[in-house]
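Participant: First the structure, which I've put down as structure tokens, then a few questions once you've had a look.
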């Protein structure tokens, strides 16, 4: 049984099938019953079935916490960035705008910001967070580095992200091809700005077309 | 007369579908469960293990069951929210009788009176028209014990040949193909065998939405080097990132398989040694495939030649492989041939019965496997026995304590039952776990037939759309209110544990059936004390059959977290008692089975598998000049089957509230339809108005509509009732249709809630 | 860290100043300590220290770049001459709903709202009674020759006279008893939640969440014991109880600036922020440079860019022009703040997906 501090979150959005099990399971958690803290969205449903599950990445130097005027967002000793402290949060929404991953949300009626806290009630005692426990594609995986290495030999976990000049290092890892991680151990998020989602992502396609229906007559 | 007794809106008002209410206990963040019950999800054939949190007589939530080997805690959204079906405002807490004088069409009735009335009604009809004037419709979401009991009830108590089940819409094409090719009808290997395989071919299965847990197996296999081929007219979530996508035109799967086999033979990518030693019939199949040149195959299937080459190379050169298929190739009037085409690819490469190679059909319903083995099919007796086989009949008649001559013969398939009702041959119906008004094709016929019934008794926990026709509704049980076993997708028999008691006057289904038998004055054979008791008889009944459960006990299932059948109580070689662990992997070289008796690994007397001619035949009501588009149907991840349960679970309704008509932007542009516009699809049988969903992930000559909704939102009013000549599965996956932009929203849009 | 140390000195200066002002008021209000009750000197020093520390901490808080910016923006929006009158009315309304009624807390949960409301009003009432008494700002005297009448003096000036045996007198003299009842009821509710609610149980910390409840409970109970002692028990153990009560109050006063209760002083910022948000919503909106949809007030986006720069973040896009936040879409992105949160999530997905676009192959 691994210790809680050896357990990490590994996200591989390319595995995601958009089933929303994570969203449904997230609403079952006691710290935010009824509200989902995970974002699961189609990148652009019209052109692709691609979906992306976004949990809080738990930055080492969280932009949300730094820009919070109320000093309401705290990072625990084990690196989990928690939801805003309720007595302090003034629901200004700075964190919502500041987060480079687009994670926090303000609940206006209740005057509070809430976000994924990695199911602190579960993870802090070594249990798997709800979303990762149920995720049928294991796009969300919670476990040790040894486990992920053994399960996913062609992938490598990395936790550096580039947003323009800003580098963000996170407690949550994302999976990239192992061969690539060796050369470029970060993901340049802002560089995907010109990327448009494609119906098909992968190598073998007829005559190199990204659209396999190119030849179908209407 | 089984006409609907009141305005359907008034029935809906009282009996739903309403969405699950927000309940104080479930919303509470301080409710402590009194116990956790390890059981399985009630929905699809994956049968994920889950722990239900129980407090009092209510299921208040769930906790992942990470030790269960198949899903390790994973669940799809249905599994997560399944617990909300309990303590539901629509739940039937008493029996109901048809009552046109009541505003809502039905009035409550004491359970005992209802049983007496049901028995009297059945007696009256059988007296007047003979025993075969009543039909039973059963379901594959029931536990194996219940399916066994239903088959026995039809034959022994009602003495009618007419029983069939909704697996007719699901597993029969695969089942028939398996029987023809292997002599046994089961997925060959546990899913864990996929990890480490070289290539996985997914034919006609939207794994992501219909069997979500299997996705992780695919991705894990890919991490270990597997290539993944997906054959589907839609770019499903799994197809999006698979290695090779085959955009097959609906209804052309057998041609595609033949074309690939042609290439395999041509390039020598087949296992001659295996074919020689372990199969018969290859030459005839090879001869047939000759005509399926890449050019012709491409022309017929719409899959580019280069993709066919790539598929052949991936499949042909792999060291190990896994073939998976599902309703996408099976829901056809050519469904058995399609499945046989897939099997031929497996047999030609000899990659079966080894640790990293296998073949499987992905079951759709909870007990899609167990429900097709123990006698609720019209031509079948327990243990996967044949009702026409004298030896089989004698064995089962012996177990049941009746004269073999009193055992009725084969009946007809579920759709044919409705034709017989329509023709006036069948006068009465008893249904359980089946909602044909939503799930059968060309459902206009179903509605018409239901209205002609003289007596209709439905057993259900909610008043489903079909049960609105019933004279009597008996309040049945939810899955969590009873115990038993089911057999999941891998052929693993697992335990359903009881979490709570049925509320009010609701009863466990087996009790209702036994009460009926007693009220009919024929209780002999229906005095079981519980599911365990039924299972013990089932074990004996199945003994010696292909689906041999004799060595399985509840305890063994519990301690081993599932047992793969066949599982023998006595060594089939020596007849000595045996503590058998079950058969996770079929067809291992040198394995012994009671049919082949050591002749070979397959379940035929010579131990050899059969190649079967898998011919391409054009679909009935194919797309053509008048109806130029293909209409294909299927599931969405948040709904299940006819939606009787899932359309009552609020978070699932919110996830995908109403059916939408998926179409390609090129088609939409031609028709002047934009995303979100109301559009009308029309076939030779009916018309449907739905909002369009314009996406590039579907073939431009095809539209897709999910089938979980009733009434005017039901796509099955459009589908064609053409059936496979062997399996009698309906052709849900293709029919010709045309589409136009609607002038405005349909009338129902302003009246009905999304789930209604 | 010269800046940090200068921040500290400035904050300390503010702290000293406010403590000095309070001390001055105590002297003035008690008529040069003539009305000051020497027995309460411990309380007085505790309040002076608390005043220093709260001001110090508040000033430090305002030194944080985002807080400072919001503080200035909030006031300048509020004090805009054209809207000042409307703003004052609106501020009163919002104050009433948020602070007098605790509406937003009731929305988080009824019992939760009730707990907070009871504790808050109990504390407000108790503070309104005890602080002026401690500081000698209020005292009571019988009228010369009329032993049945009391006269109230505030800052030494007579304000009101009432009969000792009246119901009014009973209510006034037992004000702290009523306050204690409110606080105890509220604390009970809060404790109950902290014991049974799984969510609360997970996140709570002793010093942050439990200690303040314990302190409030102790103050209320020891206070009630004092009343019981002199009312029914002829002053049994009164001195001991008085010391015990004093200790609980002083500890609470010393805790005030450090722990959870500091939110009492921080929280009114919510009103300021609401004016800032209103001004933003009424003003020009920032348009996402990726999806061309409005996503936030332009003022807020620009302010945030400035704050991030102050904090040392550099979400600027390399090669892009300076500054940003312009409203036009499709004009190129100079700062990641110009992308809406939804598009940020999509980009994260696209960027990760792109790494897999060639299968697991090495990037070119």
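Protein chains in written order, with the working numbering: chain F, 12 to 229; chain Y, 37 to 792; chain X, 10 to 373. Even glycine gets a Cβ: it sits at the ideal position worked out from N, Cα and C. In this text, all values refer to a predicted model and were calculated from it rather than measured experimentally.
Select from the stretch 64-83 of chain Y all residues with a C-beta closer than 7 Å to any C-beta belonging to chain X, and list them in chain order.
Facilitator: Listed in sequence order: 65, 66.
Participant: Any idea which residues DSSP pairs residue 773(Y) with across the strands?
Facilitator: 665(Y).
Participant: What are the start and end residues of the alpha helix (DSSP H) that includes residue 274(X)?
Facilitator: Here the alpha helix (DSSP H) through residue 274(X) covers 272-275.
Participant: If we count the other Cβ atoms within 10 Å of its Cβ and call it buried at 16 or more, is residue 339(X) buried or exposed?
Facilitator: Model confidence at residue 339(X) stands at a pLDDT of 43, short of 50, so the residue's coordinates are unreliable and nothing is read from them.
Participant: Classify residue 139(X) as helix, strand or coil using the three-state DSSP reduction.
Facilitator: If DSSP states are grouped into helix, strand and coil, residue 139(X) belongs with the helices.
Participant: If you compare alpha carbons, which of 691(Y), 651(Y), 621(Y) is closest to residue 228(Y)?
Facilitator: If we check each option's Cα against that of residue 228(Y), 621(Y) comes out closest.
Participant: Report buried or exposed for residue 50(F), applying the criterion of at least 16 other Cβ atoms within 10 angstroms of its Cβ.
Facilitator: With 16 or more other Cβ atoms within 10 Å, it is buried.
Participant: What in chain Y is Cβ-close to residue 206(X), meaning under 8 Å?
Facilitator: Going along chain Y in sequence order, the residues near residue 206(X) (Cβ under 8 Å) are 65, 66.
Participant: Under a CB-based cut-off of 8 Å, is residue 268(X) close to chain F?
Facilitator: Answer no: the Cβ-Cβ gap between residue 268(X) and chain F never drops below 8 Å.
Participant: Return no unless some Cβ of chain F is closer than 8 Å to the Cβ of residue 346(X).
Facilitator: For residue 346(X), the answer is yes, since a Cβ of chain F falls inside 8 Å of its Cβ.
Participant: List, in chain order, every chain X residue whose beta-carbon is nearer than 8 Å to that of residue 69(F).
Facilitator: Those do not exist, as residue 69(F) stays about 14 Å from chain X at its closest Cβ, beyond 8 Å.
Participant: With 8 Å as the threshold, decide whether the Cβ of residue 184(F) is near any Cβ in chain Y.
Facilitator: Cβ-Cβ to chain Y under 8 Å: no for residue 184(F).
Participant: Along the stretch 43-58 of chain F, what residues have a CB closer than 8 Å to any CB found in chain X?
Facilitator: Going along the stretch 43-58 of chain F in chain order, one finds 43, 44, 50, 52, 54, 55 with a Cβ nearer than 8 Å to chain X.
Participant: Any residues in the stretch 107-127 of chain Y with a beta carbon nearer than 7 Å to a beta carbon of chain F? Which ones, in chain order?
Facilitator: Cβ contacts with chain F: 109, 110, 111, 112, 113, 116, 117.
Participant: Can you give me the C-alpha to C-alpha distance between residue 688(Y) and residue 671(Y), rounded to a whole angstrom?
Facilitator: About 13 Å.
Participant: When you compare the CB of residue 610(Y) with every CB in chain F, is at least one pair closer than 8 Å?
Facilitator: With 8 Å as the cut-off, residue 610(Y) does not count as an interface residue toward chain F.
Participant: Any Cβ of chain F within less than 8 Å of the Cβ of residue 59(Y)?
Facilitator: False, the Cβ-Cβ gap to chain F never drops below 8 Å.
Participant: Just how far apart, CA to CA, sit residue 106(F) and residue 184(X)?
Facilitator: If you take the alpha carbons of residue 106(F) and residue 184(X), they lie about 43 Å apart.
Participant: To the nearest angstrom, how far is it from the Cα of residue 99(F) to the Cα of residue 113(X)?
Facilitator: Between residue 99(F) and residue 113(X), the C-alpha separation is close to 13 Å.
Participant: State yes or no: is the C-beta of residue 371(Y) within less than 8 Å of the C-beta of residue 224(Y)?
Facilitator: Against a cut-off of 8 Å, the Cβ pair of residue 224(Y) and residue 371(Y) comes out as no contact.
Participant: Given residue 271(X), which residues of its chain have a CB within under 6 Å of its CB, disregarding the five upstream and five downstream residues?
Facilitator: Within the same chain, residue 271(X) has no close Cβ partners at all.
Participant: Just to confirm the assignment: which complete alpha helix (DSSP H) runs, minimum length 4, are found wholly within the stretch 117-145 of chain Y?
Facilitator: For the stretch 117-145 of chain Y, not a single whole alpha helix (DSSP H) run of length 4 or above is found.
Participant: Could you check what DSSP says for residue 167(F) in three-state terms: helix, strand or coil?
Facilitator: Three-state result, residue 167(F): strand.
Participant: Along the stretch 704-732 of chain Y, where does the CB come closer than 7 Å to a CB of chain F? Name the residues.
Facilitator: Here the close residues are 706, 711, 730, 731, 732.
Participant: List the residues of chain X whose Cβ lies closer than 7 Å to the Cβ of residue 204(F), in chain order.
Facilitator: Neighbours of residue 204(F) on chain X, chain order: 299, 342, 356.
Participant: Quick check: the Cα distance between residue 386(Y) and residue 758(Y), rounded to an integer number of angstroms?
Facilitator: Going by the C-alpha atoms only, they are around 34 Å apart.
Participant: Under 7 Å, CB to CB, which of the residues in the stretch 332-362 of chain Y have a partner in chain F?
Facilitator: Within the stretch 332-362 of chain Y, the residues whose Cβ lies closer than 7 Å to some Cβ of chain F are 338, 340, 342, 343, 346, listed in chain order.
Participant: Any idea which residues DSSP pairs residue 64(F) with across the strands?
Facilitator: Answer by DSSP bridge pairing, in chain order: 51(F).
Participant: Evaluate the contact criterion for the stretch 605-621 of chain Y versus the stretch 206-216 of chain Y: three or more CB pairs, one atom per stretch, below 8 Å.
Facilitator: The stretch 605-621 of chain Y is not in contact with the stretch 206-216 of chain Y.
Participant: According to DSSP, is residue 131(F) helix, strand or coil?
Facilitator: Residue state, collapsed to three classes: helix.
Participant: Would you please state the rounded distance, in angstroms, between the beta carbons of residue 52(F) and residue 351(X)? I believe it to be under 8 Å.
Facilitator: The Cβ separation is near 7 Å, so the contact holds.
Participant: Among the candidates 15(F), 23(F), 18(F), whose CA atom is the shortest distance from the CA of residue 151(F)?
Facilitator: Of the listed residues, the one whose Cα sits closest to residue 151(F) is 23(F).
Participant: Going by DSSP, what residue range makes up the beta strand (DSSP E) through residue 91(F)?
Facilitator: Segment: none, residue 91(F) is in no beta strand (DSSP E) and carries neither H nor E.
Participant: Quick one: any contact between the stretch 322-331 of chain Y and the stretch 296-308 of chain Y, if contact means 3 or more CB pairs under 8 Å?
Facilitator: Result yes; three or more Cβ-Cβ pairs closer than 8 Å.
Participant: Take residue 149(X) and list the residues in its own chain whose beta-carbon comes closer than 8 Å to its own, dropping the five residues that flank it on each side.
Facilitator: Only 159, 160, 161, 162 meet the Cβ criterion.
Participant: Give the interface partners of residue 272(Y) over in chain F, defined as CB-CB distance under 9 Å, in chain order.
Facilitator: Those within 9 Å of residue 272(Y) in chain F are 28, 60.
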